[in-house]
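Worksheet: one structure, shown below.
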C-alpha cells in the first residue's frame with residue numbers, strides 16, 4: 073500500500089481551560105464550530121493531512137485539559153510533540169498572564185528545540201478585548217516565536233497558523249541529519265491510551 077503522507081507531525085495545544093483550544097482544533101480538522109462544549113477531560117486528538125511546500129504532512133493535533141488537576145496527563149505527552157501551540161483568550165487577561173507558566177512547563181517537559189507558536193484566540197469578540205494585539209506580539213517576539221490572533225468561531229487565521237507551524241517544523245527537520253524514516257512522530261499506541269485511561273481513573 074502506497075503511503076498517504078510524507079511526514080507525521082504531532083502538535084500539542086496548551087493553555088488555560090476555556091481559551092478555545094478544542095474549538096480551534098475542531099475548526100482546523102473539521103471546519104466546524106460549536107459554541108456549546110464540554111471542557112476537555114484528559115487528552116483527545118484530531119488528524120488532518122495538509123500539503124506544505126509540495127509535501128503531504130499528516131498533523132496529529134492533541135487537545136489537552138487546561139485544569140491543573142490534569143497536569144500529570146498533559147506532561148506525559150510533551151516530549152513526543154514536534155510543535156506546541158500556546159493559546160490564550162484575548163478577553164481574559166489572566167489566561168494571557170498564565171502563558172508564562174505554560175512556557176515554563178514547556179522548558180521543563182518538552183524536547184529541546186521544539187517549535188512553538190502563540191495564539192490569541194477569540195479575536196472576533198473585539199468589544200470584550202482585554203489583551204491588545206501589540207501585547208501579544210511583544211510576548212511572542214520576546215520568546216522568538218510566531219504569533220497569530222485567531223477566531224475559531226469566525227475561522228480567522230486558524231488554517232494559516234497551523235500551516236505556518238507545520239512549515240516551521242518541516243524546515244527545521246530538513247536541517248537535521250535523517251537517521252530514520254521521514255514518517256516520524258509519535259504514533260498513538262494501545263499502551264499509551266491505557267496509561268491515559270489509568271490516570272483518569274486515578275483522578276476520579
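In the working numbering, the protein residues as written are 73 to 276. For every residue, glycine included, the Cβ atom is placed at its ideal position computed from N, Cα and C.
Taking all protein chains shown into account, decide if residue 126 is buried (16 or more other Cβ within 10 angstroms of its Cβ) or exposed. exposed
Please report the straight-line C-alpha distance between residue 103 and residue 121, rounded to a whole angstrom. 13 Å
What is the rounded straight-line gap between the Cα of residue 213 and the Cα of residue 106? 32 Å
With residue 182 and residue 153 assumed to form a contact (beta carbons below 8 Å), what rounded beta-carbon distance in angstroms separates them? 6 Å
Based on Cα-Cα distance, which residue from 132, 129 and 136 lies nearest to residue 86? 136
Taking the alpha helix (DSSP H) that residue 176 falls in, what are its first and last residues? Here the alpha helix (DSSP H) through residue 176 covers 171-181.
In this structure, how does DSSP classify residue 204 when only helix, strand and coil are distinguished? coil
Count the other CB atoms within 10 Å of the CB of residue 99; is the residue buried (16 or more) or exposed (fewer)? Around the C-beta of residue 99, 16 or more other C-beta atoms lie within 10 Å, and the residue is accordingly described as buried.
Neighbourhood of residue 194 by C-beta, 7 Å cutoff - its chain only, sequence neighbours within 5 removed: 92, 161, 162, 163 and 223
Helix, strand or coil: which one does DSSP assign to residue 133? strand
Where residue 123 and residue 201 are concerned, what is the direct C-alpha to C-alpha distance, given to the nearest angstrom? 34 Å
Could you check the C-alpha separation between residue 218 and residue 188 for me, to the nearest Å? 7 Å
Quick check on this structure: which residue in 225, 101, 184 and 94 has the alpha carbon closest to the alpha carbon of residue 131? 101
The alpha helix (DSSP H) spanning residue 239 covers which residue range? That run of the alpha helix (DSSP H) goes 230-246.
For residue 116, name the three-state secondary structure that DSSP assigns. strand
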